[in-house]
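Residue numbers (this note's numbering), protein chains in the order written: chain A, 1 to 112; chain B, 113 to 224.
Note that beta-carbon positions come from the ideal geometry of N, C-alpha and C, so glycine has one too.
In this text, all values refer to a predicted model and were calculated from it rather than measured experimentally.
Printed below as a string of structure tokens:
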């Protein structure tokens with residue numbers, strides 16, 4: 001069964017460093033998303049991506065964040081100058097139009 | 113923009129009792145509605161979804177939900193709780209823009 005895969009499963013970084021979280025969406029999906037879940041809190045929408053551009057982003061997704069689809073398979077989230085409060089579980093998801101989103105297992109980012 | 117409200121951040125039931133997790137949505141266009149389950153240290157797994165058609169939808173693990181437009185609700189139920197149902201449950205809504213928005217989540221505890 002096709003699935004969304006995310007790497008790494010756990011990333012530890014020092015405050016101020018840049019991190020890149022990687023995702024491989026399901027191959028025939030067209031819409032890609034990043035969500036964030038701070039420990040014990042709700043799943044928060046960060047950004048959606050379609051046709052090689054951002055289609056919508058939340059207020060959380062400021063200039064510190066960027067997304068890219070560098071090739072036909074990967075979808076990355078870059079976080080520049082990480083802060084302690086960026087520590088969270090980051091989920092990638094993908095879907096086709098008007099269908100449910102399939103989620104990866106997440107990357108746990110710990111900023112120290 | 114669409115949004116979801118989940119009433120009750122924590123629900124506790126006895127094994128064998130009815131499970132009722134509440135979800136109300138707000139959407140300016142006909143919504144697509146979803147329930148996801150998250151087991152500890154895992155990603156989000158789709159339980160069930162409503163897109164169009166029959167308003168009572170059945171999902172995995174014996175769960176079902178009913179879309180009630182007049183009440184803007186999509187409550188999740190299960191007739192008889194099992195210990196393995198203990199998890200975090202998220203209601204989500206998406207509209208034509210395909211961006212899925214989640215509720216704050218409800219933690220279900222099942223007592224023996």
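Quick check on residue i: does DSSP put it in helix, strand or coil?
i             : result
residue 15/A  : coil
residue 52/A  : coil
residue 140/B : coil
residue 84/A  : helix
residue 66/A  : strand
residue 9/A   : coil
residue 182/B : coil
residue 126/B : strand
residue 115/B : strand
residue 196/B : helix
residue 164/B : coil
Taking 7 Å as the limit between beta carbons, can you name the residues of its chain near residue i, skipping five residues before and five after?
i            : result
residue 16/A : 81, 82
residue 14/A : 112
Spell out the partners DSSP gives residue i in its beta bridges.
i             : result
residue 176/B : 170/B, 189/B
residue 204/B : 146/B, 214/B
residue 157/B : 149/B
Excluding five sequence neighbours on each side, which residues of the same chain lie with their C-beta closer than 6 Å to the C-beta of residue i?
i             : result
residue 136/B : 117, 184, 185
residue 97/A  : none
residue 10/A  : 108
residue 217/B : 200, 202
Going along the chain, which residues of its own chain have a beta-carbon closer than 8 Å to the beta-carbon of residue i, five neighbours each way excluded?
i             : result
residue 215/B : 116, 117, 118, 135, 202, 203, 204
* Check whether the region 161-175 of chain B touches the region 137-146 of chain B, taking contact to mean three or more Cβ pairs, one atom from each stretch, closer than 8 Å. => Verdict: yes, contact present.
* Taking three-plus beta-carbon pairs below 8 Å as touching, is the region 167-179 of chain B in contact with the region 20-39 of chain A? -> At 8 Å Cβ cutoff, the stretches do not touch.
* Asked: Counting pairs of beta carbons, one from the region 126-141 of chain B and one from the region 191-199 of chain B, are three or more of them closer than 8 Å?
  -> Taking one beta carbon from each stretch, the region 126-141 of chain B and the region 191-199 of chain B have 3 or more pairs nearer than 8 Å; the two touch.
* Counting pairs of beta carbons, one from the region 59-72 of chain A and one from the region 1-9 of chain A, are three or more of them closer than 8 Å? -> In this structure the region 59-72 of chain A does not touch the region 1-9 of chain A; the number of beta carbon pairs closer than 8 Å is below three.
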